[in-house]
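Enquirer: The structure's right below; bear with me while I get my questions together.
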C-alpha cells in the first residue's frame with residue numbers, strides 16, 4: 008500500500024484578498040490555518056488529516072499560547088491534535104509566526120489516523136499528540152528529554168538527550184516501527200555543542216549501523232528553555 012502526503016512550508020497569516028499580513032496576532036495565526044485548509048481542501052483532504060506541524064515563533068512565551076488557542080478552536084479542547092514541534096527563531100522579520108505542515112491525502116481504503124499515546128509515555132505538554140500512525144508511516148512529534156514517571160525534564164545534557172531518544176523509540180514502537188525504521192530525523196538544538204552528544208547516542212540506538220538522513224536546525228529557544236528536540240518520521 009502507498010500513501011500520499013501534502014507538505015506546505017513557510018505558511019504565514021496573509022489575507023488572500025489583500026495580500027497583506029493580518030494585523031491581530033490571534034487572527035493572524037487563525038488565518039494561517041484558514042489558508043492551509045483551503046489548499047488542502049483543493050487536494051481532497053482537510054485539516055483533520057494533519058499529521059505534522061512545525062511552528063516557528065519569534066517569542067516562545069508570548070506566541071505559543073496563541074498557537075494552542077487556535078488549535079483548540081480547530082481540533083476541539085481535547086483534540087486529538089496533530090504531531091507538533093514548536094521552536095523560537097530569529098529569522099521571521101516583520102512576522103512572528105511561520106508554520107510548516109504535512110497532511111495525508113486519504114483514499115477510499117485509508118484507515119483513520121491512529122493517535123499514539125502509550126501509557127508508559129509522558130503526558131504531552133500542550134495541543135499536540137506524541138505520535139500518529141498512518142497505513143504506511145509513523146510520525147513522532149519533537150521529543151524532548153521528559154521523564155515519563157515525573158513529566159519533568161531529565162537533569163544533565165547527555166541523560167536528557169538519551170531520554171528524548173528513548174521517548175521517540177517508545178512512540179515509534181507503539182506504532183509498530185523500530186527506531187531503526189526512521190526515514191528521517193530533524194534535530195532542533197539551541198547550541199551546536201549538543202550535536203556531538205546526539206551523534207554518539209544515535210550510534211548506540213542504531214547499534215552503529217548507518218544512520219537515517221538528518222536535518223539540523225540551530226534555534227534561538229525551545230519550550231521550557233530546553234536544549235534539544237528530536238522529530239522523527241518512520242516507515243512501516
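Residue numbers (this note's numbering): 8 to 243.
Virtual Cβ for every residue (Gly too), placed ideally from N, Cα, C.
What would DSSP say about residue 47, mapped onto helix, strand or coil?
Expert: For this step, residue 47 is matched to residue 40 along the chain shown. Correct three-state label for residue 47: helix.
Enquirer: List, from N- to C-terminal side, the beta strand (DSSP E) runs of 3 residues or more that fit wholly inside the segment 145-214.
Expert: 189-196
Enquirer: Exposed or buried, which one is residue 215 when buried takes at least 16 other CB atoms within 10 Å?
Expert: Within the chain shown, numbered from 1, the residue matching residue 215 stands at position 208. Residue 215 should be labelled exposed.
Enquirer: Tell me residue 111's beta-bridge partners as DSSP assigns them.
Expert: Indexing the chain shown from 1 puts residue 111 at position 104. 12, per the DSSP bridge assignment.
Enquirer: Going by C-alpha distance, which of 109, 11 and 165 is nearest residue 203?
Expert: By 1-based counting over the chain shown, the position of residue 203 is 196. It is 165 whose Cα lies nearest to the Cα of residue 203.
Enquirer: Strictly by DSSP, which residues pair up with residue 235?
Expert: As a working mapping, residue 235 is identified with position 228 in the chain shown. DSSP lists 196 as the beta-bridge partner residues of residue 235.
Enquirer: When the Cα of residue 187 is compared with those of 39, 219 and 170, which residue comes out closest?
Expert: For the purposes of this step, residue 187 is identified with residue 180 of the chain shown, where counting begins at 1. Minimum Cα distance to residue 187 is reached at 219.
Enquirer: With three or more beta-carbon pairs closer than 8 Å as the criterion, would you say the segment 122-129 touches the segment 102-111?
Expert: Taking a contact to require three or more Cβ pairs closer than 8 Å, the segment 122-129 and the segment 102-111 do not qualify as touching.
Enquirer: Ignoring anything shorter than 3 residues or poking outside the segment 63-130, list the beta strand (DSSP E) runs there in chain order.
Expert: 90-95, 104-112 and 121-123
Enquirer: Go ahead and pull the three-state DSSP assignment for residue 224.
Expert: Position 217 of the chain shown, counted from the start, is the residue given in the question as residue 224. Strand.
Enquirer: I'd like to check one pair, residue 133 with residue 59: are the Cβ atoms closer than 8 Å?
Expert: Against the chain shown, residue 59 aligns to sequence position 52. Against the chain shown, residue 133 aligns to sequence position 126. For residue 59 and residue 133, no; Cβs fall outside 8 Å.
Enquirer: Use the C-beta contact count for residue 20: other C-beta atoms within 10 angstroms, 16 or more gives buried, fewer gives exposed.
Expert: Position 13 of the chain shown holds residue 20. It counts as buried.
Enquirer: Determine which residues share a DSSP beta bridge with residue 140 and list them.
Expert: Start at 1 with the first residue of the chain shown, and residue 140 comes out as number 133. Residue 140 is bridged to 121 and 145.
Enquirer: Please check the pair residue 230 and residue 71, which I expect to be a contact at CB under 8 Å, by giving their CB distance rounded to whole angstroms.
Expert: Taking the first residue of the chain shown as 1, we reach residue 230 at position 223. Taking the first residue of the chain shown as 1, we reach residue 71 at position 64. Between residue 71 and residue 230 the Cβ distance is about 7 Å, and since that is below 8 Å, they are a contact.
Enquirer: Can the beta-carbon of residue 171 be found less than 8 Å from the beta-carbon of residue 94?
Expert: Taking the first residue of the chain shown as position 1, residue 171 is located at position 164. Taking the first residue of the chain shown as position 1, residue 94 is located at position 87. Result no, Cβ atoms of residue 171 and residue 94 do not sit closer than 8 Å.
Enquirer: Within 10 Å of its beta-carbon, does residue 84 have 16 or more other beta-carbons around it, so buried, or fewer, so exposed?
Expert: Numbered from its first residue, the chain shown carries residue 84 at position 77. With fewer than 16 other Cβ atoms within 10 Å, it is exposed.
Enquirer: According to DSSP, is residue 36 part of a helix, a strand, or is it coil?
Expert: Residue numbering aside, residue 36 sits at position 29 when the chain shown is read from its first letter. Helix.
Enquirer: Can you tell which of 141, 120 and 156 has its C-alpha closest to the C-alpha of residue 130?
Expert: For the purposes of this step, residue 130 is identified with residue 123 of the chain shown, where counting begins at 1. When only C-alpha atoms are compared, the closest one is 156.
Enquirer: Beta carbon of residue 189, beta carbon of residue 152: below 8 Å?
Expert: Here the question's residue 189 lines up with position 182 in the chain shown. Here the question's residue 152 lines up with position 145 in the chain shown. Not in contact: residue 189 and residue 152 (Cβ atoms no closer than 8 Å).
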